[in-house]
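Chains as they are written, first to last, in my numbering: chain B, 73 to 406; chain V, 73 to 406. Structure record follows, encoded as structure tokens.
There are 2 protein chains.
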Amino acid sequence: MVVTLDDVAAGSGVSRSTASRALSGDARVKAATRSRVQAVAKDLGYSPNQAARNLASGRTGTVALVVPETNLLENPWVALVITGVCRAARRSGRSVTLWMDALSTERAPEVVRHGGADGLVIMASAFSREWISDVNTTRLPTVLVGEHDELPDAITVGSDNDEGGRLVARHLHELGHRKVAVLAGPQERPDARERLSSFLAEMALLDSPVPHYLVAEGDFSVGSGLSGLTSIIDEQPTAIFAANDLMAAGVLRGLRLAGKSAPNDVSVVGFDNLPIGKDLEPPLTTVNQDPLAMGEEAIRLMDRMIDGEPVESAVIPVKLITRRSTMPINVPLD
Amino acid sequence: MVVTLDDVAAGSGVSRSTASRALSGDARVKAATRSRVQAVAKDLGYSPNQAARNLASGRTGTVALVVPETNLLENPWVALVITGVCRAARRSGRSVTLWMDALSTERAPEVVRHGGADGLVIMASAFSREWISDVNTTRLPTVLVGEHDELPDAITVGSDNDEGGRLVARHLHELGHRKVAVLAGPQERPDARERLSSFLAEMALLDSPVPHYLVAEGDFSVGSGLSGLTSIIDEQPTAIFAANDLMAAGVLRGLRLAGKSAPNDVSVVGFDNLPIGKDLEPPLTTVNQDPLAMGEEAIRLMDRMIDGEPVESAVIPVKLITRRSTMPINVPLD
DNA sequence: ACTCATTATGGGAGCGCTCCCACCACAGCA
DNA sequence: TGCTGTGGTGGGAGCGCTCCCATAATGAGT
């Protein structure tokens, strides 16, 4: 009932070996033979049996993409990385097995440990040490999206958080802000630490060091932006740098509730450039992270690892997106 | 180097057949034998080779989840369906191959047409007729999430949009609103049509028919909510039903830009219950769609189809979520 | 004690493909 | 004329598993 390679071979008068080679583009077959075989294959509606191919070749043509369930639920950013991964995977002829882990299982799932994939792309931030080290025993090529403290040596694809922090510092400084508050991300996460420390360092370099009482810590959620604001708003900063857009959204909302508004009373900067950023009121100045590019880069690295080529962790450039949530100090509109 | 079933068989002194049966839970093996084999398997760190299993059994244990790329990028709702699918798939021992299609390719992709999966779950709304009919030729069990005009007979998992429209009508009517505007979704989509028609029908039933000039059509985006508002705001409705949350967000923003506010000047209702809804200002009254449940239901149907059992399309119940964006007419809060 | 059902196990044939190796034809070269 | 090289092809051995069928071990019935 199903057309197999043998049918194609018989139909075009060659052996199965030759048919296989012709269809996989092996250079050793004569051009005439190849095109004949390909014509017959198309004619018969042949398509290779993936399982047989995998078994015989020992490869699967698949990468497993492992995502903490909580991330996708909370953060649209993750969806963009997934999109980038799928796009690049399709281009290089791979399929993507999506494994969303609830993190309730302390061990890496079956698909990760065995068989189903040639490599692993892991959204790293939320996974525990045990989980990651369990994965590590698979010896599968692995790329982390985002750094992870427990795996300093892993191949990762990250954003240039350091540069992002500096860009924000310079931007606010140029606008004349000298009393700037920071709503940092959870400091157990490397990306959150980088954003904070590079920002503080750059502000210091610009002769506007940020005092401790203007630094608060949130957990990257809207709610923590709102509550984090209350601890710094009394100090009357002229600008607030929230370490991601969700917290920035919380800050904007908190300001509104407190009867203040951005940017007239306080300039606000986020980080991530989520799609919602431009629909906020006011549209949010932020740092663009290009998660699509991160996903694509992850697959590019993966392809190279699978081919046994040497690879290095990649840092994706960021850039500042200036919108209406920031404005020069002392130049109030209307 | 890799532990195979033969190793386990040899290690536990049984044949490969028995080992296979023991590990797959076949009832015919003696309990003692089974536990011995399982112990040895665990001891050796055995895990089955997926490709071999697929080839021999003719099944893959995989469902392909096909998502239009644009959807995931624009609509967080899709991420929730994906989450539900992954969750349910894991529970029934399947893995999920995520295929994001840019829709630029007019033919269904390879993975869909052949081999890689036992069944197909398709986020239907954005796919063209050609694409869907191409998929149809695969004869794979297929479940659509959301209806599709071109496939009236397909097995689908949808929300109870009719009930949703009615719930909104009754809610607004109970609050005393008699002059209600509707910002409908794109009428080429069945779900958008259902929301509109059921809403209009229920309003008529409640003796408050909605005149034509209070109905506008958007495309389910924030921007179209904003622009759609302009065409109805001059008619001074006391409430607006936007057919999804994104458009409702646009409406809220438009109202603010026009110097009005919800719910004091106009009550606003959305549809979807996206996570952002509760972070809007004011938090949005909306209809909860439970996309997680839809994803889970899709897999449940898929499992049954794969087992050859009869299935019927499912409609997931909705419910009204009342928040601060709606309030009784004639009781203005200052 | 002998048959017949029942339960537990082993043997072995594939699943459809890839890939190694052998082979053939024919060229070029001594 | 024979020898090595080379481009093209065929043969066939697996990849690791499942599942059908045969066989062996057990128990029940007359």
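Positions of the beta carbon are idealized from the N, C-alpha and C atoms, including for glycine.
For V359/B, the enclosing beta strand (DSSP E) begins and ends at T358 to N360.
Annotation: D190/V is outside any beta strand (DSSP E) and is labelled neither H nor E by DSSP. Listed by position along chain B, the residues whose Cβ is nearer than 7 Å to that of P148/V are P148.
Contact annotation for E141/B against chain V: T155, C158 and R159 [CB-CB distance below 8 Å, chain order]. By the neighbour-count definition (other C-beta atoms within 10 Å, threshold 16), T214/B is a buried residue.
About 7 Å separates the beta carbon of A189/B from that of L212/B, a gap short enough to meet the 8 Å contact definition. The closest CA to that of T155/B, considering only A151/V, S270/V, G230/V and A196/V, is found on A151/V. If you look at A321/B, you'll find it in the alpha helix (DSSP H) that goes D317 to L329. Taking the Cα positions, G165/V is about 34 Å away from D362/B. Across the set A264/B, F199/B and E307/B, the C-alpha of A264/B shows the shortest separation from the C-alpha of G290/B.
Here Y118/V is actually not in contact with V86/V; their C-beta atoms are around 13 Å apart, not less than 8 Å. Annotation for T214/B: the continuous beta strand (DSSP E) segment containing it runs T214 to V217.
Note on D232/V: 16 or more other CB atoms within 10 angstroms of its CB, so buried under the neighbour-count rule. Against chain B, a Cβ distance below 8 Å from G188/V picks out Q122 and S167. Sequence-ordered contacts of the region 349 to 382 of chain V with chain B read D351 and E353 [C-beta pairs closer than 7 Å]. The beta-carbon distance between M319/V and G297/V, rounded to whole angstroms, is 3 Å. This is short enough to meet the 8 Å contact definition. By the 16-neighbour rule on beta-carbons within 10 angstroms, R238/B is buried. For E289/V, there is no enclosing alpha helix (DSSP H); the enclosing beta strand (DSSP E) covers residues V287 to E289.
The beta carbon of A196/B sits closer than 6 Å to the beta carbons of L216, G218 and H220 from its chain, once the five residues preceding and following it are set aside; these are given in chain order.
Excluding sequence positions up to five before and after V390/V, its CB lies within less than 8 Å of the CB of S231, D232, N233, E235, G236, L239, V359, N360, Q361 and D362, all in the same chain and listed in chain order. Here DSSP, grouped into helix, strand and coil, assigns S129/V to helix. Annotation: T214/V has no Cβ neighbours in chain B at a cutoff of 8 Å; minimum Cβ distance is about 18 Å.
DSSP places G300/V in no beta strand (DSSP E) but in the uninterrupted alpha helix (DSSP H) bounded by V294 to I305.
In this structure, F343/V sits away from R395/V, with a CB-CB distance that is not shorter than 8 Å. No Cβ-Cβ contact shorter than 8 Å links I393/B with A365/B. Here the C-alpha atom of V229/B lies approximately 6 Å from the C-alpha atom of A370/B.
Rounded to whole angstroms, the Cβ separation of A311/V and T398/V is 7 Å, and the two are in contact under 8 Å.
For N336/B, the number of other beta carbons within 10 angstroms of its own is below 16, and it is reported as exposed. Close CB contacts of A111/V within its chain, under the 6 Å cut and outside five residues either way in sequence, are absent.
Close to R325/V, with beta-carbon spacing below 8 Å, are these residues of chain B in chain order: D351 and E353. Secondary structure note for G230/B: its beta strand (DSSP E) is the uninterrupted segment T228 to S231. Straight-line spacing of the CA atoms in V282/B and D317/V works out to 39 Å. Taking all protein chains shown into account, T302/V has fewer than 16 neighbouring C-beta atoms within 10 Å of its C-beta and is therefore exposed. Look at V80/B here: in three-state DSSP terms it is helix. For the region 297 to 322 of chain V, residues whose beta-carbon sits nearer than 8 Å to a beta-carbon of chain B comprise A321 and G322. If you draw a straight line from the Cα of R125/B to the Cα of A315/B, it is about 47 Å long.
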